[in-house]
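**Student:** So the sequence shown is numbered by my numbering: it starts at 575 and just counts up by one. Following this message is one structure expressed as structure tokens.
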Amino acid sequence: MEWGMKNRLARLIQKDGKALFLPVDHGYFQGPTHKLEKPGETIEPLLPYADAIMLTRGVLRNCVDPKNTKPVILRVSGGASVVGENLANEGLITSITEILRVNASAVSMSVFIGSKYEHQSLLNLTKLVDSCEDYGIPVMAVTAVGRELEKRKARYLALCCRIAAELGARVVKTYYCEQEFHKVVEGCPVPVVIAGGPKVDSEKEVFEFVYDGLQQGAIGVNLGRNIWQTEYPVGMIRAIRAIIHENYTPKEAQNLFEQIRAEKA
Ligand code: 5RP
Numbered sequence: 575m576e577w578g579m580k581n582r583l584a585r586l587i588q589k590d591g592k593a594l595f596l597p598v599d600h601g602y603f604q605g606p607t608h609k610l611e612k613p614g615e616t617i618e619p620l621l622p623y624a625d626a627i628m629l630t631r632g633v634l635r636n637c638v639d640p641k642n643t644k645p646v647i648l649r650v651s652g653g654a655s656v657v658g659e660n661l662a663n664e665g666l667i668t669s670i671t672e673i674l675r676v677n678a679s680a681v682s683m684s685v686f687i688g689s690k691y692e693h694q695s696l697l698n699l700t701k702l703v704d705s706c707e708d709y710g711i712p713v714m715a716v717t718a719v720g721r722e723l724e725k726r727k728a729r730y731l732a733l734c735c736r737i738a739a740e741l742g743a744r745v746v747k748t749y750y751c752e753q754e755f756h757k758v759v760e761g762c763p764v765p766v767v768i769a770g771g772p773k774v775d776s777e778k779e780v781f782e783f784v785y786d787g788l789q790q791g792a793i794g795v796n797l798g799r800n801i802w803q804t805e806y807p808v809g810m811i812r813a814i815r816a817i818i819h820e821n822y823t824p825k826e827a828q829n830l831f832e833q834i835r836a837e838k839a
């Protein structure tokens with residue numbers, strides 16, 4: 575692996591081998607998502623606790639101070655919307671020149687395996703990998719399920735992660751699943767991070783799936799709504815950070831969260 579690729583990966587994945595990515599890219603197909611109406615305001619208090627932020631060039635340019643030194647994972651697939659015909663009908667939306675111009679540490683794009691647009695999204699991935707590898711930029715593949723959240727089972731996720739890695743992704747983002755998540759990680763030759771999906775009912779649930787995902791081999795998270803849609807986003811990200819980088823158990827994370835919440839009150 576060449577120096578540039580190694581250096582960018584080292585900015586994303588910390589010395590302990592773990593990572594906390596903060597995605598705020600949801601507006602690229604959902605519009606002004608709840609609690610992300612003003613992305614700059616959402617991100618600002620959370621940035622110190624994230625290892626990288628994931629977002630589109632539009633939000634980066636307009637809502638993030640260029641003096642920001644946190645690594646940027648640029649979302650470079652899109653072209654569909656929640657009110658359109660099919661969320662899987664995405665293309666590549668950002669050129670390699672632009673990726674370099676905004677000094678991205680990595681790029682991310684979705685693949686929709688099993689969908690009508692499977693072939694298109696997988697070819698998008700290979701094209702992106704070809705362009706980005708020339709410049710030492712890692713590609714993170716997002717194994718997307720669109721509206722079909724019930725697809726989040728080990729067998730399907732393992733298939734998606736493996737295909738994305740085989741096609742050249744350097745990191746894969748997938749969903750956690752309760753049954754046999756370790757099979758998803760074991761079948762994937764590149765690091766796996768987990769997303770949260772729609773906000774769940776309690777903090778405890780988030781701490782438990784993050785902890786369990788790590789125990790089963792994920793290197794960290796790319797976790798959005800279950801941080802910034804909650805009532806105490808700073809408490810959430812700090813507690814999740816403690817699980818990832820300080821080996822906190824869910825119980826210890828909950829205690830830390832409650833302590834931070836009490837300080838705020
Ligand atoms: C949106 C994405 C998100 O970055 C990813 O799903 C993580 O966010 P969340 O934890 O809110 O699901 O790819 O398209």
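Cβ coordinates follow ideal geometry from the N, Cα and C atoms, glycine included.
Quick one: is the Cβ of residue 663 within less than 7 Å of any heavy atom of the ligand 5RP?
**Tutor:** Position 89 of the sequence shown, counting from 1, holds the residue named residue 663. No - the ligand 5RP has no heavy atom lying nearer than 7 Å to the Cβ of residue 663.
**Student:** With distance defined between alpha-carbon atoms, name the residue in 724, 809, 829 and 787 nearest to residue 772.
**Tutor:** Locating residue 772 in the sequence shown gives position 198, where the first residue counts as 1. Nearest of 724, 809, 829 and 787 to residue 772, Cα basis: 724.
**Student:** Just confirm the distance between the C-beta atoms of residue 676 and residue 634, as a whole number of angstroms; I'd bet it's less than 8 Å.
**Tutor:** For the purposes of this step, residue 676 is taken as residue 102 along the sequence shown, with counting starting at 1. For the purposes of this step, residue 634 is taken as residue 60 along the sequence shown, with counting starting at 1. With 8 Å as the limit, residue 676 and residue 634 qualify as a contact, their Cβ atoms being about 6 Å apart.
**Student:** How would you label residue 782, buried or exposed, when you count the other beta carbons within 10 angstroms and need 16 or more for buried?
**Tutor:** The residue labelled residue 782 in the question sits at position 208 within the sequence shown. With 16 or more Cβ atoms within 10 Å of its Cβ, residue 782 is classed as buried.
**Student:** Going along the chain, which residues of its own chain have a beta-carbon closer than 6 Å to the beta-carbon of residue 583, five neighbours each way excluded?
**Tutor:** Your numbering for residue 583 matches position 9 in the sequence shown. For residue 583, where only same-chain residues beyond five positions count, the Cβ hits under 6 Å are 712.
**Student:** Per the DSSP calculation, residue 669 is bridged to which residue(s)?
**Tutor:** In the sequence shown, residue 669 corresponds to position 95, counting from 1. Paired residues: none, contrary to the question.
**Student:** When you compare the CB positions of residue 759 and residue 790, do they come within less than 8 Å of one another, or not?
**Tutor:** Against the sequence shown, residue 759 aligns to sequence position 185. Against the sequence shown, residue 790 aligns to sequence position 216. It is a contact, given that the beta carbons lie within the stated cut-off.
**Student:** With distances taken between CB atoms, is the gap from residue 683 to residue 702 smaller than 8 Å?
**Tutor:** Along the sequence shown, one-based indexing puts residue 683 at 109. Along the sequence shown, one-based indexing puts residue 702 at 128. Pairing residue 683 with residue 702 gives a Cβ-Cβ distance under 8 Å.
**Student:** Between the region 661 to 668 and the region 823 to 833, can you find at least three pairs of beta-carbon atoms closer than 8 Å?
**Tutor:** no
**Student:** In chain order, what residues of the same chain have a beta carbon less than 8 Å from the beta carbon of residue 779, not counting five sequence neighbours either side?
**Tutor:** Here residue 779 refers to the residue found at position 205 of the sequence shown. Here the set comprises nothing.
**Student:** When you compare the CB positions of residue 594 and residue 795, do they come within less than 8 Å of one another, or not?
**Tutor:** Translated into the one-based positions of the sequence shown, residue 594 becomes position 20. Translated into the one-based positions of the sequence shown, residue 795 becomes position 221. Yes.
**Student:** Just checking my contact of residue 741 with residue 709 at CB under 8 Å: how many whole Å lie between their CB atoms?
**Tutor:** What you label residue 741 is simply residue 167 of the sequence shown in a count that begins at 1. What you label residue 709 is simply residue 135 of the sequence shown in a count that begins at 1. A Cβ-Cβ separation of about 18 Å leaves residue 741 out of contact with residue 709 under the 8 Å criterion.
**Student:** Across which residues does DSSP place residue 747 in a beta bridge pair?
**Tutor:** Indexing the sequence shown from 1 puts residue 747 at position 173. Residue 747 is bridged to 716 and 767.
**Student:** Tell me whether residue 716, by its Cβ, gets closer than 7 Å to a heavy atom of the ligand 5RP.
**Tutor:** For the purposes of this step, residue 716 is identified with residue 142 of the sequence shown, where counting begins at 1. Indeed, a heavy atom of the ligand 5RP lies less than 7 Å from the Cβ.
**Student:** Can you tell me whether residue 827 sits near the ligand 5RP, meaning its C-beta is under 7 Å from at least one heavy atom of the ligand?
**Tutor:** The residue given as residue 827 occupies position 253 in the sequence shown. No; taking the cut-off as 7 Å, the Cβ of residue 827 has no heavy atom of the ligand 5RP nearer than that.
**Student:** When the Cα atoms are used, what is the spatial distance from residue 655 to residue 576?
**Tutor:** Your numbering for residue 655 matches position 81 in the sequence shown. Your numbering for residue 576 matches position 2 in the sequence shown. So the two alpha carbons sit approximately 37 Å from each other.
**Student:** Consider the C-beta atom of residue 599 and the heavy atoms of the ligand 5RP; say whether any pair is separated by less than 7 Å.
**Tutor:** The residue you call residue 599 lines up with position 25 of the sequence shown. Flag set: Cβ of residue 599 near the ligand 5RP.
**Student:** Please list the segments of the alpha helix (DSSP H) lying wholly inside the region 771 to 829, counting only runs of 4 or more residues, in order along the chain.
**Tutor:** 777 to 789, 799 to 802 and 807 to 820
**Student:** What are the start and end residues of the alpha helix (DSSP H) that includes residue 613?
**Tutor:** In the sequence shown, counting from the first residue as 1, residue 613 sits at position 39. Note, residue 613: alpha helix (DSSP H), 613 to 617.
**Student:** Here's the rule: buried if 16 or more other CB atoms are within 10 angstroms of the residue's CB, otherwise exposed. What is residue 606?
**Tutor:** Here residue 606 is taken as the residue at index 32 of the sequence shown, counted from 1. So residue 606 ends up on the exposed side.
**Student:** Flag residue 798 as yes when its Cβ comes closer than 7 Å to any non-hydrogen atom of the ligand 5RP, and as no otherwise.
**Tutor:** Counted from its first residue, the sequence shown places residue 798 at position 224. Because some heavy atom of the ligand 5RP lies under 7 Å away, the Cβ of residue 798 counts as near it: yes.
**Student:** Can you grab the Cα-Cα spacing for the pair residue 824 / residue 785, in whole Å?
**Tutor:** In the sequence shown, the residue the question calls residue 824 occupies position 250. In the sequence shown, the residue the question calls residue 785 occupies position 211. Cα-Cα distance, rounded: 6 Å.
**Student:** Taking residue 818 as the reference, which of 657, 581 and 588 has the closest Cα?
**Tutor:** As a working note, residue 818 is residue 244 in the sequence shown. The candidate whose alpha carbon is nearest that of residue 818 is 588.
**Student:** Please classify residue 770 as buried or exposed, where buried requires at least 16 other C-beta atoms within 10 Å of its C-beta.
**Tutor:** Counting from 1 along the sequence shown, the entry for residue 770 is found at position 196. Answer is buried; the Cβ neighbour count reaches 16.
**Student:** Here's the rule: buried if 16 or more other CB atoms are within 10 angstroms of the residue's CB, otherwise exposed. What is residue 636?
**Tutor:** As a position in the sequence shown, residue 636 is number 62, starting the count at 1. Answer is exposed; the Cβ neighbour count stays below 16.
**Student:** Can you give me the start and stop residues for the alpha helix (DSSP H) that residue 560 sits inside?
**Tutor:** The structure shown does not extend to residue 560, since the chain spans only 575 to 839, so no value can be given for it.
**Student:** Are the CB atoms of residue 621 and residue 598 nearer to each other than 8 Å?
**Tutor:** Numbered from 1 along the sequence shown, position 47 holds the residue referred to as residue 621. Numbered from 1 along the sequence shown, position 24 holds the residue referred to as residue 598. No, Cβ-Cβ distance for residue 621 and residue 598 is not below 8 Å.
**Student:** In angstroms, rounded to a whole number, what distance separates the CA positions of residue 743 and residue 839?
**Tutor:** The residue you call residue 743 lines up with position 169 of the sequence shown. The residue you call residue 839 lines up with position 265 of the sequence shown. C-alpha separation (whole angstroms): 43 Å.
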